[in-house]
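*Asks:* Take a look at this one; I'll ask things after.
Residue numbers (the UniProt record's numbering): 1 to 444.
Printed below as a string of structure tokens:
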């Protein structure tokens, strides 16, 4: 959440038609990776469009602690002068990754094959999230790990003195696990191989190649097999960060459910490993058009034009979950305003995010008049085309829960409140002014 301990209650009221452009921030996943790869490269990396939320700023601070020179040169513009693969220095203090699961897990991987020691911590939410899913595979490279009971933060990693390459099959579909292993493999000799049964977001593979690593992906009987040749000389790059499709999901959803709305969301990533929500919304009958398709920074992007739509419930297949894992909370809100049941399958990973997102959304939506069923690995919303509202949702220090319920309140019969909107600053610091400029009525 926000590093301020002061809760920030917020309330969303039924709004008139939303209109205008919604220039959402840069992609969070790519922003983290750009900073870390810049720190591991030789020479200068210039980044534009960097998300300047607290999660990413914490990663920038961590890269400084490991010896890279990281400077902000303008709005969203940063330079990183790196230390090269294997060149991380031992940090003087504890690395505080705040609320960021992506930041802490990728940085753990990046330092685990360098003979230095680092201790990682985070906020109350991050300290409840499982780290064993990353520390277990990086230990295979030769790193020594000590952690709180249950594999929780704080975690201390003593990097491998003589790292060995690893062949690892991810136990769950997780780009964070895959990426942590690949980052560790950068400073291991030979080839490190990651096998995932279901494809997850591929920003790491694209960006490794862009910085000069030799990496290839093959589809075999085992699944998606990613092979990285270790100890490359990464070279500083110019990185243009596209706008975040996960952040775009909130104004998009608001426009779909608030009558009379029409908005434009420019320059959003259309990476196929991140596109599951938009595929699902189109199946539900959403009026979304993709204009000015192009490529920026190695990523396909487009301008989204979104209009209020009459929606129907659909069944989301489990194999699509990895491409929209962060968007299920806001999809569950949209599902309330559709006619019929929307069934979300393969979503168990939501239970170990910043909060148990299935439980948080189910409890909050029921309090606001929705009918929701859940199992360990699924969530079903029985849509009626409307939502009563009138209740306060508990966010559990989770930015996406907070934003989802505030969007819901824009179209509900009665206002919807959240107990704490402060965590929104971790990923979408301009959420409130952006939504207000479109015509949303949100107080807080």
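Each residue gets a CB set at the ideal place from its N, CA and C atoms; glycine is no exception. This one's a predicted model, so the numbers in the text were calculated from it and none came from an experiment.
Three-state secondary structure (DSSP) at residue 249?
*Replies:* Three-state DSSP puts residue 249 in a helix.
*Asks:* Do three or more CB pairs link the region 195-203 to the region 50-59 at distances below 8 Å?
*Replies:* The region 195-203, when compared against the region 50-59, does not touch it at the 8 Å Cβ threshold.
*Asks:* Could you pull the DSSP bridge partners for residue 383 from this structure?
*Replies:* Paired residue(s): 340.
*Asks:* Out of curiosity, what's the CA-to-CA distance linking residue 1 and residue 325?
*Replies:* The pLDDT assigned to residue 1 is 39, lower than 50, so where the model puts this residue is not dependable; a value taken from the coordinates is nonetheless given after this. So the two alpha carbons sit approximately 19 Å from each other.
*Asks:* Which residues in the same chain have their Cβ closer than 6 Å to the Cβ of residue 166, if we skip the five residues on either side of it in sequence?
*Replies:* Excluding residues within five positions, the ones whose Cβ falls inside 6 Å are 140, 141 and 192.
*Asks:* How many whole angstroms separate the CB atoms of residue 451 and residue 224, which I take to be in contact at a CB cut-off of 8 Å?
*Replies:* Because the chain here runs from 1 to 444, residue 451 falls outside it and cannot be looked at.
*Asks:* Taking Cβ positions, are residue 116 and residue 90 nearer each other than 8 Å?
*Replies:* Yes, they are a contact pair.
*Asks:* Please report the straight-line C-alpha distance between residue 212 and residue 312, rounded to a whole angstrom.
*Replies:* One C-alpha to the other measures close to 46 Å.
*Asks:* Please state the DSSP three-state secondary structure of residue 439.
*Replies:* Residue 439 falls in the coil class under three-state DSSP.
*Asks:* Kindly indicate the opening and closing residues of the beta strand (DSSP E) around residue 371.
*Replies:* That run of the beta strand (DSSP E) goes 371-375.
*Asks:* When the Cβ atoms of the region 381-401 are set against those of the region 332-347, are three or more pairs found closer than 8 Å?
*Replies:* The region 381-401, when compared against the region 332-347, does touch it at the 8 Å Cβ threshold.
*Asks:* Run the CB neighbour count on residue 123, radius 10 Å, all protein chains shown included, and call it buried at 16 or more, exposed below.
*Replies:* Burial call: buried.
*Asks:* If you check the beta carbons only, do residue 27 and residue 242 fall under 8 Å apart?
*Replies:* In this structure, residue 242 lies closer than 8 Å to residue 27 by Cβ.
*Asks:* Which residue from 405, 130 and 72 puts its Cα closest to that of residue 45?
*Replies:* Per the Cα distances, 72.
*Asks:* Just to confirm the assignment, what range does the beta strand (DSSP E) spanning residue 19 have?
*Replies:* Unbroken beta strand (DSSP E) run through residue 19: 19-21.
*Asks:* So what does DSSP say about residue 396, is it helix, strand or coil?
*Replies:* In this structure, residue 396 counts as coil in the three-state DSSP scheme.
*Asks:* Below 8 Å between beta carbons: does that hold for residue 285 and residue 18?
*Replies:* In this structure, residue 18 does not lie closer than 8 Å to residue 285 by Cβ.
*Asks:* Between residue 252 and residue 235, what straight-line distance do the alpha-carbon atoms span, to the nearest angstrom?
*Replies:* For residue 252 and residue 235, the distance between alpha carbons rounds to 37 Å.
*Asks:* Alpha carbon to alpha carbon, how far is residue 376 from residue 82? Give it in angstroms, no decimals.
*Replies:* Cα to Cα, the separation comes out at about 43 Å.
*Asks:* Compute the distance between the beta-carbons of residue 153 and residue 186, then report whether it is under 8 Å.
*Replies:* No, the Cβ-Cβ distance between residue 153 and residue 186 is not below 8 Å.
*Asks:* Can you tell me whether residue 292 is buried or exposed? The criterion is at least 16 other CB atoms within 10 Å of its CB, across all chains shown.
*Replies:* The residue in question, residue 292, is exposed, as its Cβ has fewer than 16 Cβ neighbours within 10 Å.
*Asks:* Comparing alpha-carbon positions, which option in 120, 39 and 280 lies nearest residue 318?
*Replies:* Closest option to residue 318, Cα to Cα, is 280.
*Asks:* Please check the pair residue 258 and residue 308, which I expect to be a contact at CB under 8 Å, by giving their CB distance rounded to whole angstroms.
*Replies:* Confirmed, Cβ separation roughly 6 Å.
*Asks:* Grab me the residues of residue 3's own chain with a C-beta within less than 6 Å of its C-beta, minus the 5 sequence neighbours each way, in chain order.
*Replies:* Note that residue 3 scores 46 on pLDDT, short of 50, meaning its location in the model is unreliable and no value can be drawn from it.
*Asks:* According to DSSP, is residue 2 part of a helix, a strand, or is it coil?
*Replies:* Low confidence applies here, because residue 2 scores a pLDDT of 42, under 50, leaving its location unreliable and the question unanswered by this model.
*Asks:* When the Cα of residue 138 is compared with those of 149, 155 and 148, which residue comes out closest?
*Replies:* Nearest option by C-alpha distance: 155.
*Asks:* What is the C-beta distance between residue 265 and residue 248, in whole angstroms, given that I count them as a contact (C-beta under 8 Å)?
*Replies:* 5 Å between Cβ atoms; contact.
*Asks:* Alpha carbon to alpha carbon, what distance is there between residue 119 and residue 229?
*Replies:* Taking the straight line joining both Cα atoms gives about 28 Å.
*Asks:* Can you say whether residue 373 is buried or exposed, counting buried as having 16 or more other CB atoms within 10 angstroms of its CB?
*Replies:* By the neighbour-count rule (16 or more Cβ atoms within 10 Å), residue 373 is not buried but exposed.
*Asks:* State the DSSP-derived secondary structure class of residue 25, mapped to helix, strand or coil.
*Replies:* DSSP places residue 25 in coil when its eight states are reduced to three.
*Asks:* DSSP state of residue 226, grouped into three classes?
*Replies:* In the structure shown, residue 226 sits in a strand (DSSP, three-state: E or B).
*Asks:* By the 10 Å Cβ neighbour count, where 16 or more other Cβ atoms means buried, how is residue 55 classified, buried or exposed?
*Replies:* It counts as buried.
*Asks:* Just the Cα atoms here: how many angstroms apart are residue 144 and residue 157?
*Replies:* Taking the straight line joining both Cα atoms gives about 6 Å.
*Asks:* Based on Cα-Cα distance, which residue from 40, 87, 32 and 69 lies nearest to residue 101?
*Replies:* Here the closest residue by C-alpha is 32.
*Asks:* Use the C-beta contact count for residue 261: other C-beta atoms within 10 angstroms, 16 or more gives buried, fewer gives exposed.
*Replies:* So residue 261 counts as buried.
*Asks:* Residue 10 lies in the alpha helix (DSSP H); which residues open and close that run?
*Replies:* Not the alpha helix (DSSP H): residue 10 falls in the beta strand (DSSP E), residues 10-13.
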